[in-house]
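Notes to accompany the following structure.
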Amino acid sequence: MRLKLVPSDTNWNFFRFATVTFGASVVAMVASVVLFFLMGLNYGIDFRGGTTIRTESTQPVDVAAYRAALSALDLGDVAISQVFDPGFGPERNVAQVRIQAQDGEESITPQVINAVEAALKTVDPSITFPSVESVGPKVSAELVRTAILAVAFSILAVLVYIWLRFEWQFSLGAVAALVHDVTLTIGVFAALQIRFDLAIIAALLTIVGYSLNDTVVVFDRVRENLRKYKKMELRDLLNLSINDTLSRTVMTSVTTLLALIALFVLGGDVIRGFVFAMIWGIVVGTYSSVFVASNILLFLGVKRDWSKDQDGGAGTQFARAEG
Amino acid sequence: MLQFALWKRATIWALVLIGLALAMPNLFYERVERHNDAVQAIELRGAMPELVADRDAWPGWLPSGLVNLGLDLRGGAHLLAEVKVEDVYADRMDALWPDVRDALRAVRDEVGPIRRADSPPAELHVNITRPEGMAAALAAVREIARPTVTLTGVGSSDIEVRGAGDLLIVQLSEAEKQATDNRTIQQSLEIVRRRVDEVGTREPTIQRQGTDRILIQVPGIGSAEELKALIGTTARLTFHPVVSRTDNPNDAPGAGNVIYPSMDDAGVYYILERTPVVSGEELTDAQPGFDQNGLPSVTFRFNPAGARKFGRYTQENVGSPFAIVLDEEVISAPVIREAILGGSGQITGNFNVEESTQLAILLRAGALPAELVFLEERTIGPELGADSIAAGKIACIVAFVAVLFFMAASYGLFGIFANIALIVNVAMIFGLLSLIGATLTLPGIAGIVLTIGMAVDANVLVFERIREELKSARGPARAIELGYEKALSAILDANITTFITATILFTMGSGPVKGFAVTLGLGILTSVFTAIFVTRLMVVMWMERRRPKTIIV
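Pasting the structure below:
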């Protein structure tokens, strides 16, 4: 009568194929790094500077004609791509024109915008321009720096927090899982060449938060079981903890994915890349909290004596914060 | 655990009700918005029947705070401008020159005749004929230094003076530069604000960012170009004596002079004295109008000091031309026919009506102390914003229904409790957003959708725990109690870590990302509150009423 995604009592051995799962993670991470250096990311104007103009028209988008019209203006690198969305219908044809940052200019000059709009109007008189965004090289360089700092800071902050609440082995396990998730997400953005802009950084940080959320729940159970079963083999104990929390892990991932998939399909093309990053991150994050974080914990080993005098110290300072 | 004191229950329900009440106006967004606009308009301009009708469409005793919609949802223009603070150093040097000249003339016996030399803009170079008198020259110029007025630069003076051969070099001290920069930014902010207000759009955001930047967001304006034309112009009006007229832009203007192009006649240049007779700072009013030939013009009026200077100058120079200069371009260079003593005048040029109106606005609002360079600009059309809102709404509803259904199917009655808590949760997010006047952006909507998915997590943790405890064959009350107790540390740890990342996003992010961080962070707070108080209170009340012997979660 109840919907159950995971049977009530599981006793699956998550470490039986540890070499396979862990190996797969390592391979995927290496592949991501290689892809990143080989193909690079398709940076949006937030990070490389330049201008994007969104066009909308009742006529079908003719990328070649647009390109021909703009090539006469001598604007350097111009990228034109059609934007698809199930919500558009045949009467709405949307494209995105990206122009590189012009030499010696911070944001784009009115003359250039007017020239571009006029040129596109000759191709298609019904064309309109719902948005124009321009970022100068000065700002984009700062945004890159802030973005990298933000990701680094949040990973660091988390490292410290988990270390305070648990132990350093947990902390390393959690951070390994985070690095795994972030790397794989960047890898998939490089592989699929989805536009990588400021919003994707927000998505990355959310993935960091989410993946951590999952990892922490497992670790919390590990800590509890460490107190309860003082003599149990660490491998069995980790396995037990993962099995205990499995139902919750899957449940939360599924509800979150449900919500995100709704947003992915219905939320419009403007944030699709952002939502895609989060969906991917949640899948990877769920995987990593089960297979990566605990594996690291198993490699490093943990302190086994969690006797009661520890309660007042590290690890439980928030446990009494309830009403 | 299961005993809730009455005051606690009351507080929890009160908080929930306040949250719902604060969120409620957002359901009637347009009506409340018109109400708010009308209230403001009545306060400013007095009551008018249609304004009163708009105001009364929403009862005044109800909360009327709304979630601000970000530019990506409402449409509008966004500009990030950098203030060229160094521009002001050059002006300061020009202003200092007469004082330096006088100071050096007083010690003429020792330094000999002096002459202003060409220099980088932020410095003032003076040639002295007798380099051996440099010590006396330095001492004389240092006399006119004034102490800097800053908190950090106490005791330092505003200028630095040094000698190099026969050259005396004056520049602003570091402390004074900082103080000047700060003043420049404040003035720029004020003038940008006045100009944007003159156009009268709703709720523009004009903020200082970092040391030398200004962020300007104006909802509802058609394009960033329009906004740029309005605030990007320095609009510095000056009146200079004309030295000569030329058609060669490379003519050497000579020391103390400058060469500016004519605004209307291509190829015509004027050589003018660098120091203006009067400047736009001494204007008290400027209005668009028409001259005697019916051509658009701008009429202006000087303040008494400006009128005196202008009157004296025109009196002494009847018959010679003077130039009206706007941002280093000569609008016109009429010949003075008679002394202008009344303190008012008219600028004619090759204007159309729009240009003369714009010029009048700019002159009224005052000149920017320094040039603005635009680093970033974004224009979002209102249709695109409306599309995003519509898409976001549908996505929210679908996500909501899917999660509600899923929870009910998985946890039965307890799932329904969690669902009620989820509805309360989303309402509270909107309530808090309205209360703190936060801005909702498209990524912000994504944050809410993400919260919808994740908010049930705390409840899931508890319910799963209760299930486990039930297996150990304790009574239902005890199982629920233990469920909440044991799940708490996981809930707190998990949410605090996510909250940490939301905080970092908020402090380091900008614009849309910040919007996302706000909804994510608020979502965490409300979801923890609803899970450990609201759901639990519902469970407790249900237990008290039914006193079940067994429960199924």
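Which chain is which? The protein sequence lines are A and B, in order. If you're matching positions, the first sequence starts at 718 in the working numbering and goes up one per residue. If you're matching positions, the second sequence starts at 6 in the working numbering and goes up one per residue. C-beta: ideal position from N, C-alpha, C; glycine also.
is_contact[residue i, chain B] using C-beta, thresh 7 Å
i	result
N730 (chain A)	no
P827 (chain A)	yes
M968 (chain A)	yes
Y658 (chain A)	Because chain A is modelled from 718 through 1040, residue 658 (chain A) falls outside the range shown and cannot be assessed.
V933 (chain A)	yes
G1030 (chain A)	The predicted model places G1030 (chain A) with a pLDDT of 43, which falls under 50 and marks its position as unreliable; any figure quoted below should be read in that light. Not an interface residue.
S1011 (chain A)	no
F870 (chain A)	yes
T775 (chain A)	no
A916 (chain A)	yes
I762 (chain A)	no
V737 (chain A)	no
Three-state secondary structure assigned by DSSP to residue i
i	result
E850 (chain A)	strand
A1010 (chain A)	helix
V72 (chain B)	coil
E128 (chain B)	strand
T153 (chain B)	coil
A122 (chain B)	strand
F534 (chain B)	helix
P224 (chain B)	strand
G890 (chain A)	helix
D96 (chain B)	helix
G348 (chain B)	coil
D290 (chain B)	strand
Y946 (chain A)	coil
E823 (chain A)	coil
A257 (chain B)	coil
A271 (chain B)	coil
P807 (chain A)	coil
Residue-level contact to chain A via CB, residue i, 7 Å cutoff
i	result
A414 (chain B)	yes
Y506 (chain B)	The amino acid occupying residue 506 (chain B) in the given sequence is Thr; Tyr does not appear at that position. Yes, contact with chain A.
A482 (chain B)	no
D498 (chain B)	yes
V197 (chain B)	no
P125 (chain B)	no
G420 (chain B)	no
I399 (chain B)	yes
S494 (chain B)	yes
V533 (chain B)	no
P553 (chain B)	no
P293 (chain B)	no
Cα-Cα separation between residue i and residue j, rounded to whole angstroms
i	j	result
K13 (chain B)	F405 (chain B)	29 Å
S532 (chain B)	T456 (chain B)	8 Å
R151 (chain B)	N355 (chain B)	44 Å
D296 (chain B)	A338 (chain B)	16 Å
I366 (chain B)	A291 (chain B)	7 Å
V811 (chain A)	S788 (chain A)	20 Å
S361 (chain B)	F305 (chain B)	12 Å
S193 (chain B)	I221 (chain B)	12 Å
W885 (chain A)	L873 (chain A)	13 Å
T902 (chain A)	V737 (chain A)	20 Å
I1 (chain B)	L27 (chain B)	Nothing in the structure corresponds to residue 1 (chain B), since chain B is present only between 6 and 558.
V197 (chain B)	A240 (chain B)	12 Å
R784 (chain A)	L466 (chain B)	55 Å
P103 (chain B)	D269 (chain B)	33 Å
A560 (chain B)	T502 (chain B)	There is simply no residue 560 (chain B) to check, as chain B begins at 6 and stops at 558 in what is shown.
Y265 (chain B)	Y274 (chain B)	6 Å
G1002 (chain A)	F410 (chain B)	24 Å
L288 (chain B)	R771 (chain A)	43 Å
V248 (chain B)	F307 (chain B)	24 Å
At least 3 beta-carbon pairs within less than 8 Å: the segment 442-461 of chain B vs the segment 414-431 of chain B = Under the Cβ criterion (8 Å, minimum of three pairs), the segment 442-461 of chain B counts as touching the segment 414-431 of chain B.
Looking at C-beta atoms only, is the number of pairs between the segment 158-178 of chain B and the segment 136-146 of chain B that lie closer than 8 Å three or more?
-> Verdict: yes, contact present.
Taking a cut of 7 Å between CB atoms, which residues from the segment 367-397 of chain B lie near chain A?
-> So the list reads V378, F379, L380, E381, E382, R383, T384, I385, G386, E388, L389, D392, S393, A396 and G397, given in the order they occur along the chain.
Report yes or no: do three or more beta-carbon pairs, one from the segment 534-550 of chain B and one from the segment 920-937 of chain A, lie closer than 8 Å?
-> By the C-beta criterion, the segment 534-550 of chain B is judged not to be in contact with the segment 920-937 of chain A, since fewer than 3 inter-stretch pairs fall below 8 Å.
Residues of the segment 320-333 of chain B with Cβ closer than 7 Å to any Cβ of chain A, in chain order | Taking 7 Å as the cut-off between beta carbons, none of the residues of the segment 320-333 of chain B comes near chain A.
Are at least three pairs of beta-carbons, each pair with one atom in the segment 888-907 of chain A and one in the segment 997-1013 of chain A, less than 8 Å apart?
-> Touching, yes, given that three or more Cβ pairs across the two stretches are closer than 8 Å.
Relative to chain A, which residues along the segment 457-473 of chain B have a C-beta separation below 8 Å, given in chain order?
-> Residues of the segment 457-473 of chain B with a Cβ closer than 8 Å to any Cβ of chain A, in chain order: I457, G458, M459, V461, D462, V465, L466, E469, R472 and E473.
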